[in-house]
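Working notes, structure below.
Residue numbers (the working numbering), protein chains in the order written: chain A, 4 to 248; chain D, 2 to 343.
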């Protein structure tokens, strides 16, 4: 049984600090907090950093810089605090993204509610009041994997893929919610629809979300959703944002 | 007026590429950029300019192009039959493309990715810090007939230069090193991986290239229970069918399939260029060896400019041969220039 946190070398591309074997909230928080701490150090030779579900990647030129020096610095930083209990970095954003649940726009709400063992009304109440965190971003640029929902939302992905959900689709499985960047086939169930664009290539801020940001999905009517679609052309889809301190 | 390059016809996968777009890993976007980075450095050496300039990457075949001003070009990567106003011109060389002339770049005779470089570089708008098209992220798109590409100001003058071509266009030995999940494959599996002959599968693109082999699949100890973690280009992912898949410059940033190793950056060009059916083998090298190999490769890229030599022209390929003053400077076999004439 490996001890965590542990540090692995990623070829000549950098070092990876892993905080756990499986997805847990403290390990995810540790990865995000540790990444912020590394960024604050501004070490020379570190070109960028990123997080996956429970790990922090430190990209560095290990061709020109021996890995031992970076390894020592990371080990030292790891001992500085209990990262599993570290507070999340400040300056993160809370996004409240208006969402149309169910209807023809998001046809799998009922099915997902059934799998979670709640009524459709209860599912909307739960999903529209839950506050989830961006656990990691991946699959497509800016596409957030957020969580965690209460345990009864640990529903499996579908065996057969949905042929395509549209950009902005809110989908659910394994206690997580995703907003899709691009229209895509998926095994996750399509429970809501947003006008939020996670990737805006021509914008000065092309990728809206960062790991650690928090999201909630207030429920709107079909009419309100239509109004948002027509009135907010920024890509925010009517979202309110505020800074988390 | 700035020079422009017009696309008169082109293959289905011609894109603007440069060294890629670092800095967005945390937000789900891999670096992307040219599939054959060495080819970018070769083009830069031939034109005496920075490897940061953007060029056209052409998959399998090129197209026809015309400029509205005299421009310098260089051709590198997978050799493609090329003509200038219907007269064949040399690959791996720089040339003058006169205003209005037609440059035709045909199919690749070996390899996959050919490059057309322009003196001054292609100056399409910078998107998120780079000009590289990232097809997988829908950032930019393959070029279409009729598009007109702006060209930067060229500070160089020399053309007619060449670089010796190398052997990276037909597959071969790929050096790999350990990565985060290598030790989840047992010793025997890793040994077998290093001794198995593969061929480059027909399935391959800028995201990844599948390798085909006969025999048992390659499996990690906990093939299905691996948590999604960071991916870097070069990682060799073993998907559900047990076949290796080398992840290329436009790969995803994270993934849950185990990875048996990662390709050394300098050998990525060989993986990218291998055409379907080409033989491939993998050889593990340890990290110190990998570092030494990469340091040497970086040095070789730095001094590429010194390896550039004038193109010796084959008289049959000189279209306006008769306009040259061929007898100027002729010497007499009997005349001794050291002796004064009376």
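Beta carbons are placed, not taken as given, at the ideal position from N, Cα and C, and that holds for glycine. Remember, it's a predicted structure, so these values are computed and weren't measured experimentally.
At a cut-off of 8 Å between beta-carbon atoms, residue 96 (chain A) makes no contact with chain D. Within the stretch 245 to 326 of chain D, the complete beta strand (DSSP E) runs of at least 3 residues fall at 245 to 248, 260 to 264 and 280 to 285. Against chain A, a Cβ distance below 7 Å from residue 24 (chain D) picks out 51.
Look at the beta carbons and you see the stretch 117 to 124 of chain D touching the stretch 58 to 76 of chain D: at least three pairs across the two are nearer than 8 Å. By the criterion of at least three beta-carbon pairs nearer than 8 Å, the stretch 142 to 157 of chain A is in contact with the stretch 193 to 213 of chain A. Each residue's CA atom was taken as its position, placing residue 84 (chain A) and residue 30 (chain A) some 14 Å apart. In the structure shown, the three-state DSSP call for residue 120 (chain D) is coil. Listed along chain D are 228 and 230, each with a C-beta nearer than 9 Å to that of residue 57 (chain A). Around residue 240 (chain D), no beta-carbon contact reaches into chain A at under 8 Å, the shortest distance being about 16 Å. A residue is called buried when at least 16 other Cβ atoms come within 10 angstroms of its Cβ; residue 174 (chain D) does not meet this threshold and is exposed. With three or more CB-CB distances shorter than 8 Å, the stretch 250 to 267 of chain D counts as touching the stretch 178 to 186 of chain D. Under the DSSP definition of a beta bridge, residue 83 (chain A) lacks any partner. Think of a sphere of 8 Å around the beta carbon of residue 129 (chain D): the chain A residues whose beta carbon falls inside it are 204 and 209, in chain order. Contact holds between the stretch 49 to 69 of chain A and the stretch 14 to 34 of chain D, because three or more Cβ pairs, one in each stretch, are under 8 Å apart. In this structure, residue 243 (chain A) lies near residue 99 (chain A), with their beta-carbon atoms less than 8 Å apart. Beta-bridge annotation (DSSP): residue 245 (chain A) is paired with A:97. Residue 50 (chain A): member of the beta strand (DSSP E) spanning 49 to 54, first to last residue.
One finds 13 and 14 in chain A with Cβ atoms closer than 7 Å to the Cβ of residue 180 (chain D), taken in chain order. Around the beta carbon of residue 47 (chain A), fewer than 16 other beta carbons lie within 10 angstroms, which makes this residue exposed.
Contact between the stretch 149 to 160 of chain A and the stretch 177 to 196 of chain A is established, with three or more Cβ pairs separated by less than 8 Å. Residue range 225 to 234 is occupied by the alpha helix (DSSP H) that includes residue 228 (chain A).
The stretch 109 to 126 of chain A makes no contact with the stretch 10 to 20 of chain D; the number of CB pairs closer than 8 Å stays below 3. Under DSSP, residue 205 (chain D) forms a beta bridge with D:210. Of all residues in the stretch 116 to 137 of chain A, none has a C-beta nearer than 9 Å to a C-beta of chain D.
In this structure, residue 281 (chain D) lies near residue 172 (chain D), with their beta-carbon atoms less than 8 Å apart. For secondary structure counted as the alpha helix (DSSP H) over 4 or more consecutive residues, the stretch 35 to 118 of chain D holds these complete runs in sequence order: 38 to 48.
With a cutoff of 8 Å on beta-carbon distance, residue 101 (chain D) and residue 63 (chain D) are scored as not near each other. Under the DSSP assignment, residue 127 (chain A) falls outside any beta strand (DSSP E), being part of the alpha helix (DSSP H) whose first and last residues are 123 to 132.
Here the stretch 209 to 216 of chain D lies against the stretch 244 to 251 of chain D, with 3 or more beta-carbon pairs under 8 Å apart.
Remark: three or more beta-carbon pairs, one from each stretch, lie closer than 8 Å, so the stretch 42 to 58 of chain D and the stretch 75 to 85 of chain D are flagged as touching. Note that the stretch 294 to 301 of chain D does not touch the stretch 220 to 239 of chain D; fewer than 3 beta-carbon pairs, one per stretch, sit closer than 8 Å. Any Cβ of chain A closer than 8 Å to the Cβ of residue 139 (chain D) would place that residue at the interface, and such an atom is present. Note on geometry: alpha-carbon atoms of residue 51 (chain D) and residue 117 (chain A) lie some 60 Å from one another. Shortest Cα-Cα distance from residue 11 (chain A) to any of A:59, A:169, A:38 and A:43 involves A:59. In terms of Cα proximity to residue 163 (chain D), the closest of D:308, D:16, D:15 and D:12 is D:308.
Residue 90 (chain A) counts as exposed, since fewer than 16 other beta carbons sit within 10 angstroms of its beta carbon.
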